[in-house]
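One structure is given below, encoded as C-alpha cells.
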Amino acid sequence: MVSPPKADKQLDWYNRYARHIALEEVGESGQKALNRASVLIVGTGGLGSPAAFYLTAAGVGTLGLVDYDNVSLNNLQRQLLHGTSDVGKPKVHSALETLNEINPEVNIHTCQEKVTPESIWDLVSGYDLVVDASDNFATRFLINDVCVQAGRPLVFGAVLQFSGQITTFTQEDDCGCYRCLFPEAPAPQYVPTCEQAGIFGAIPGIIGTLQAAEALKLILGRSGHEVGSTLKNRLLLYDGKESSFRTVKLSKNPGCPVCADPAFDFRRVNYSDTCALEGSPTTPLESLSKTDPSLAAEAAKP
Numbered sequence: 020m021v022s023p024p025k026a027d028k029q030l031d032w033y034n035r036y037a038r039h040i041a042l043e044e045v046g047e048s049g050q051k052a053l054n055r056a057s058v059l060i061v062g063t064g065g066l067g068s069p070a071a072f073y074l075t076a077a078g079v080g081t082l083g084l085v086d087y088d089n090v091s092l093n094n095l096q097r098q099l100l101h102g103t104s105d106v107g108k109p110k111v112h113s114a115l116e117t118l119n120e121i122n123p124e125v126n127i128h129t130c131q132e133k134v135t136p137e138s139i140w141d142l143v144s145g146y147d148l149v150v151d152a153s154d155n156f157a158t159r160f161l162i163n164d165v166c167v168q169a170g171r172p173l174v175f176g177a178v179l180q181f182s183g184q185i186t187t188f189t190q191e192d193d194c195g196c197y198r199c200l201f202p203e204a205p206a207p208q209y210v211p212t213c214e215q216a217g218i219f220g221a222i223p224g225i226i227g228t229l230q231a232a233e234a235l236k237l238i239l240g241r242s243g244h245e246v247g248s249t250l251k252n253r254l255l256l257y258d259g260k261e262s263s264f265r266t267v268k269l270s271k272n273p274g275c276p277v278c279a280d281p282a283f284d285f286r287r288v289n290y291s292d293t294c295a296l297e298g299s300p301t302t303p304l305e306s307l308s309k310t311d312p313s314l315a316a317e318a319a320k321p
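Following our numbering, the numbering of the sequence shown begins with 20 at its first residue and continues without gaps.
Below you can see the structure in the form of C-alpha cells.
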C-alpha cells in the first residue's frame, strides 16, 4: 500500500499522482483508494503489458502477475513490458523489472505457473478484482467461473488481427458473465490462432489500456467516486482498419449454468474439455460468434 508518512514522502506522493488528484472525480481520497486496492492480471503479454503498465503508474497498491511463459522474440512486436535483452526470461520476471522502474511503491507479486483449477481459487480470492489477459478458452472459462464464485469483478479483453473487444463482469445480480456471452468455445473454424491470423501490434495496446481504465473505474466507483459508467452489460468492439468503436448490448442469461446457479462449483467442471457445461443453453450471443468474427477473438493469443 502506498502510504507516505513523512513530509518529503508525502510531497513525492502528491507530485507523482498530481494529475489524478487534480481530477474532481478522483482527488486525494480517490488516489488513496487506488493505493489500497489490489488487482490480479492473468497474462503479461500483449494485453497484460499495457494493463499492468497503467495500473502500476496509477499507484494501485498491490498487483499480482500470473504467467508461466518465457519472453520470445516474436512477443516484442506488441508486448511492451519486455525488451530484446529479456528474451528467454520468464515474462513475470521481465515485467517485474520494468514495473518496478515505473513505480517502486507498488507491491508486485509474481506467479510463474499455469492457472489451474487447483491453484486459481487462492489467486483470485486474494485480490479485489481480476484482469483477464489470458490466451486460451480453458483459462478464460476457468477465470470467469472462479470470479463468479468468489464474487470478484472481472475485466475481459481479447484481440485478433485488427480487432479487439472488452467488457466488464461486475458479479452483480443484474450483470451476466463470460458464460452468458459464450456458453462454450466457438468451433475452431471460427477462431484462427494468432500465429495463423496475425495481429496488428498496436491493437493489444489499445484494448489492454482500456482494461486498465475499466479496473481503475471499478476501484474508484466502489470507493464512492463517480467516474462514469463501466462496460457492465456492454461489449465494446474496436475495428482497427476503420478506426471505429461500437458496442453490443449484453444481457444476463437467466439459464446460465454459472452466474444464474447459486449451487455452481467450478471444481466440478472439466476445463480440458473445451469447458462446455452439460445443459448449457444457447443464447443469441452464441450465434453472434458465428456471424461476426470479431466476437470469436477471445481464443486469440494476445
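Idealized CB from N, CA, C, for every residue including glycine. Owing to the predicted nature of the structure, the values given are computational and were not obtained by experimental measurement.
Using beta-carbon positions only, say whether residue i and residue j come within less than 9 Å of one another.
i, j, result
"P69", "P172", "no"
"K110", "N94", "yes"
"D164", "F283", "yes"
"L118", "L99", "no"
"G259", "F285", "no"
"L84", "H128", "yes"
Could you tell me which residues DSSP pairs with residue i in its beta bridges?
i, result
"P109", "N89"
"T126", "The amino acid at residue 126 is misidentified as Thr; the sequence shows Asn. T81."
"V150", "I60, V174"
"K51", "Per DSSP, none; premise fails for K51."
"K251", "T187"
"D258", "S182, S263"
Of the residues the options, which one's Cα is nearest the Cα of residue i?
i, options, result
"W32", "C166, E43, L53", "L53"
"C278", "G107, I162, S242, K51", "I162"
"S104", "Q190, V90, R97, F156", "V90"
"N289", "L92, L179, F160", "F160"
"V174", "F219, V246, G243, L59", "L59"
"L42", "C196, Q190, V246, P281", "V246"
"T189", "E124, G217, T63, V150", "V150"
"E18", "T249, T158, G46, G227", "Outside the displayed range of the chain (20 to 321) lies residue 18, so it cannot be described from this structure."
"A221", "G80, S57, C213, Q96", "Q96"
Could you give the residue range of the beta strand (DSSP E) that holds residue i?
i, result
"F264", "263 to 268"
"S182", "182 to 188"
For the alpha helix (DSSP H) containing residue i, name the first residue and the last one.
i, result
"Q215", "213 to 216"
"L235", "221 to 241"
"H101", "From DSSP, H101 is part of no alpha helix (DSSP H); its letter is neither H nor E."
"C199", "197 to 200"
"Q168", "156 to 169"
"L142", "139 to 144"
"A70", "67 to 76"
Task: the segment 255 to 263 touching the segment 176 to 194, judged by at least three CB pairs closer than 8 Å - done: yes
Open item on the list: Any contact between the segment 261 to 270 and the segment 233 to 243? By contact I mean 3 or more CB pairs, one from each, below 8 Å.
Closed with: no
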